[in-house]
Structure formats: C-alpha cells, structure tokens
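Reading through the structure tokens given below for one structure.
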Amino acid sequence: MNNQPLQGQQQISPDLIKQGTIRKCECGSILFDTTTSIIKLSKLISPNGEDLELPIRVLVCRSCGVVPEWSDPDNLLPSNIKTNESNEE
Numbered sequence: 003m004n005n006q007p008l009q010g011q012q013q014i015s016p017d018l019i020k021q022g023t024i025r026k027c028e029c030g031s032i033l034f035d036t037t038t039s040i041i042k043l044s045k046l047i048s049p050n051g052e053d054l055e056l057p058i059r060v061l062v063c064r065s066c067g068v069v070p071e072w073s074d075p076d077n078l079l080p081s082n083i084k085t086n087e088s089n090e091e
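For the sequence shown, position 40 matches number 42 in our numbering, and the numbering has no gaps at all.
As structure tokens, this is what we get:
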C-alpha cells in the first residue's frame with residue numbers, strides 16, 4: 003500500500019488519527035456509505051450559460067439511512083433526506 007501523500011496534501015500519521023474523534027449519526031452508528039447526489043443548475047443561473055449537473059458527495063448512515071446534518075455544512079441537500087421522513091415509505 004502506498005502511504006505517500008497526494009500532491010498538495012500532508013501525510014497524516016495513524017497516531018494523529020487515533021487522537022481524533024469518530025463522528026456518529028444521531029442513531030449512534032459510526033458507519034457511513036458514500037454516495038453522490040446530482041444538483042442541476044439551469045443555464046439561466048450557471049456561470050457558463052449552459053445547463054450544468056454538479057455531483058455532490060453525500061454520506062448516508064448505514065444503519066438508519068439518514069444524511070447527518072454535520073456532513074452537509076453548506077446546506078446543499080434537501081432537508082427531507084437529513085431526517086427519517088424520506089425513509090418511512
């Protein structure tokens with residue numbers, strides 16, 4: 003396994019990682035899946051005058067299916083996917 007940092011990134015040691023805190027979902031789970039949501043920008047508001055589809059990284063709790071509020075600091079995602087209401091169907 004290559005432990006070399008990517009260009010422009012500093013290498014973080016395992017000892018430093020052990021000093022951090024594991025983020026948890028409201029349900030208590032510490033396991034998340036990474037998926038992608040697509041935000042579509044109309045050509046009327048996009049910077050280049052063309053329709054754009056922007057991929058947004060989303061963390062989803064493996065246990066309850068909620069997107070934790072802390073994982074969307076810019077509030078880009080709809081609020082119904084950050085609660086259980088989208089998963090109660």
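Cβ atoms here follow ideal geometry from the backbone N, Cα and C, with glycine treated the same way.
For clarity, every value in this text was computed on a predicted model and none was experimentally measured.
(1) Per the DSSP calculation, Lys119 is bridged to which residue(s)?
(2) Are there three or more Cβ pairs, one per stretch, closer than 8 angstroms when the stretch 25-33 is compared with the stretch 50-58?
(3) Taking the alpha helix (DSSP H) that Lys20 falls in, what are its first and last residues?
(4) For Ile47 and Thr23, I'd like the C-alpha separation in whole angstroms.
(5) For Leu79 versus Ser39, is the C-beta distance shorter than 8 angstroms?
Considering the structure as presented:
(1) Summary: the structure shown does not reach residue 119, with the chain confined to residues 3 through 91, and so no result is reported for it.
(2) Remark: fewer than three beta-carbon pairs, one from each stretch, lie closer than 8 angstroms, so the stretch 25-33 and the stretch 50-58 are not flagged as touching.
(3) Pro16 to Lys20 is the extent of the alpha helix (DSSP H) around Lys20.
(4) Thr23 has its alpha-carbon roughly 39 angstroms from the corresponding atom of Ile47.
(5) In this structure, Ser39 lies closer than 8 angstroms to Leu79 by Cβ.
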